[in-house]
Amino acid sequence: MKFTEFVVTETAGNSVDPLGYLKPSGEVSSGLFRSFTVLSNHPAYHGFLAFAFSFLEKMSIKSGQKNFVRRMRDLEILWGVLSVHGGDPVINVTKYEPLTGQNSLCLDDAKKRPALYARLNYGALGHYVSPSTTWRILQPNGGGLSANGSALAEAWQHRNGFDFADLANRWMSGADLFAEKKLGDWARAFRLGAEPEPAERKAWQTLIHDLCRREPVIAPLWEKLVTEDILALGRDEDTYPRFFPGLLGHYAAHPELCRRIKLCNRFEQLSSLVQFVFEWEYVRRLDHIQKIGMSANSLPSQVSNDIRVAAHAFRAVQGLREFWVLPSMLENANDYPTIVATVLASHSAHQRAKGASPFITGDAIAVQDRVDGQKFMQFFKSVADAPETLVSATQWRYHRNWHFERALLWQRYAGIQ
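Take the sequence shown: its letter number 91 is residue 505 in the numbering used here, and every next letter is one higher.
Here's what the structure looks like:
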């Protein structure tokens with residue numbers, strides 16, 4: 415796993431979620447692939463995590479105990495170094511890579527590097543406990559393995575005639591990892607991108623089957639996987655407007671699933687337009703932008719109309735429960751100044767509610783370096799020159815990962831496709 419992709423609609427600079435998108439986006443996303451997060455990059459992490467829970471429990475170290483997370487990191491360093499040695503980038507890769515260049519490596523050597531233990535909530539444990547619980551690999555309270563999780567742990571542990579517990583026991587006992595005569599074979603067998611054994615594929619087939627049984631509405635996402643030609647539409651700006659229609663056509667026989675797919679599309683459209691307005695207001699207050707000005711042409715009226723339409727369209731498919739208040743506030747906004755006031759008021763209230771400063775106060779910027787003015791101006795000019803492209807252009811600029819590609823990876827890993 416590489417470091418997390420930057421999700422522009424949820425993050426600006428070092429201040430997370432300036433427009434309060436995390437909760438509504440999570441609500442929308444959970445209607446499709448609830449078992450994925452933006453950090454769910456490979457199923458092998460779940461297998462390692464299940465093994466680590468099982469291995470530590472046999473050492474009488476259980477989740478919730480004080481030393482559990484540090485012992486988990488001890489094992490993660492072993493797996494991380496093996497993966498890097500096998501040519502795969504994994505989480506914390508910049509921390510593990512220096513270890514691979516040494517002549518010898520024992521656990522005590524790793525413990526002398528505080529950076530490896532500085533963020534114990536970052537890594538396989540912190541990023542994969544929640545989705546592992548959703549998959550029912552872990553028990554609902556995250557306190558231990560489920561029956562399926564135990565099966566996955568056992569399957570991941572044994573690959574190509576190697577038992578990872580043997581290597582882990584030697585590592586935890588202080589042996590020199592680089593003294594292993596078959597280190598290259600261990601790395602090839604257990605690196606992140608290694609092919610799973612039949613038992614591990616079967617474990618994932620069971621997990622996917624049980625997920626579909628528990629959530630029949632989303633079962634078609636796994637039983638009738640999106641075709642490559644539709645997935646390809648989601649990878650390019652020119653074809654992206656056809657991506658969601660392609661999904662809707664593919665799942666036309668499943669009305670409730672289609673409603674959820676429409677909700678993703680309409681959330682993306684509205685949140686992108688609002689993000690554009692917010693960044694517009696931020697950038698126009700920058701000193702170096704004020705000097706040259708921002709020629710908008712008919713853009714304000716186009717923004718106003720598109721936001722009203724997008725807000726109405728979102729509310730039409732959101733269901734009975736209102737989980738995002740901004741659409742109802744924008745649906746009847748009469749003009750651009752009203753929309754700006756609404757967006758900035760919402761931003762300010764959200765920031766203050768979480769104890770953070772609003773980025774904008776009146777006509778001044780209160781928090782610096784949150785939007786790249788030059789890059790935004792380039793985009794602004796393109797939509798100002800062609801206002802009719804605003805919706806598609808902003809949607810692509812701020813588009814999200816709805817995990818369809820990840821589902822394909824999981825299916826292939828499980829040997830289903």
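All C-beta atoms, glycine included, are put in the ideal place defined by N, C-alpha and C.
- The beta-carbon distance between A561 and E611, rounded to whole angstroms, is 19 Å. This is too long to meet the 8 Å contact definition.
- Here the alpha carbon of E670 sits roughly 25 Å from the alpha carbon of I830.
- In this structure, H764 lies near G434, with their beta-carbon atoms less than 8 Å apart.
- Under DSSP, the beta-bridge partners assigned to F576 are R573.
- Between R673 and F728, the gap from beta carbon to beta carbon reaches 8 Å or more.
- Per DSSP, G663 is one residue of the alpha helix (DSSP H) stretching across F657 to H664.
- V697 is a Cβ neighbour of M791, given a cutoff of 8 Å.
- P438 and F773 do not touch by the CB rule: their CB atoms are close to 20 Å apart, not below 8 Å.
- Secondary structure of I779 (DSSP, three-state): strand.
- For the options V754, K795 and D783, the alpha carbon positioned closest to that of G776 is the one of V754.
- Excluding five sequence positions before and after M708, the CB atoms of its chain that fall closer than 7 Å to its own CB belong to R698 and F794, given in chain order.
- The beta carbon of T451 is closer than 8 Å to those of H541, S544 and P545 in its chain, skipping five residues each way along the sequence.
- Of the candidates S444, E490 and G440, E490 places its Cα closest to the Cα of L463.
- Cβ-Cβ distances below 7 Å link T547 to P554 and G556 in the same chain, with the five nearest sequence neighbours on each side left out; the list follows chain order.
- By the criterion of a C-beta distance shorter than 6 Å, L661 is surrounded in its chain by I675, once the five residues flanking it on both sides are discounted.
- Nearest Cα to P751 within the set A593, S718 and I632: S718.
- Our two residues, K526 and A828, have alpha carbons roughly 38 Å apart in a direct line.
- When the five nearest sequence neighbours on each side are left out, the beta carbons in the same chain lying within less than 6 Å of the beta carbon of W636 are those of I622 and C626, in order along the chain.
- DSSP lists no beta-bridge partner residue for L436.
- Linking L700 to K789 through their CA atoms gives a straight-line distance of about 13 Å.
- Around the beta carbon of L677, a 10 Å sphere encloses 16 or more other beta carbons of the protein chains shown; the residue is thus reported as buried.
- Sequence-distant Cβ neighbours of D720 in its own chain, meaning closer than 7 Å and more than five residues away, are L687, L804 and V805.
- The beta carbon of Q619 lies closer than 8 Å to those of A828, G829 and I830 in the same chain, with the five residues before and after it left out.
- Taking T756 as the centre and dropping the five residues before and after it, the same chain places the C-beta of M743, L744 and A747 closer than 7 Å to its C-beta, in chain order.
- Residue state for L534 is assigned as coil, using DSSP reduced to three classes.
- When C-beta atoms of the region 573-582 are compared with those of the region 479-486, fewer than three pairs fall below 8 Å, so the two segments do not count as touching.
- Nearest to E651 by alpha-carbon distance, out of V781, H813 and A667, is H813.
- Look at L446 here: in three-state DSSP terms it is coil, with no helix or strand label.
- Taken through DSSP and simplified to helix, strand or coil, V430 comes out as strand.
- Pairing F692 with A538, the inter-Cα distance amounts to about 35 Å.
- Here DSSP, grouped into helix, strand and coil, assigns I774 to strand.
- DSSP, reduced to helix, strand and coil, places L492 within a helical segment of the structure shown.
- The C-beta distance from A617 to L552 rounds to 14 Å, too long to fall under 8 Å, and the pair is not in contact.
- For H664, same chain residues with a beta-carbon under 8 Å away, outside a window of 5 residues either side, are K638, V640, T641 and I644 in chain order.
- Apart from the 5 residues on each side of it in sequence, N517 sits with its Cβ closer than 8 Å to the Cβ of F592 in its chain, given in chain order.
- Fully enclosed alpha helix (DSSP H) runs of no fewer than 4 residues occupy 740-744 of the region 714-757, in order along the chain.
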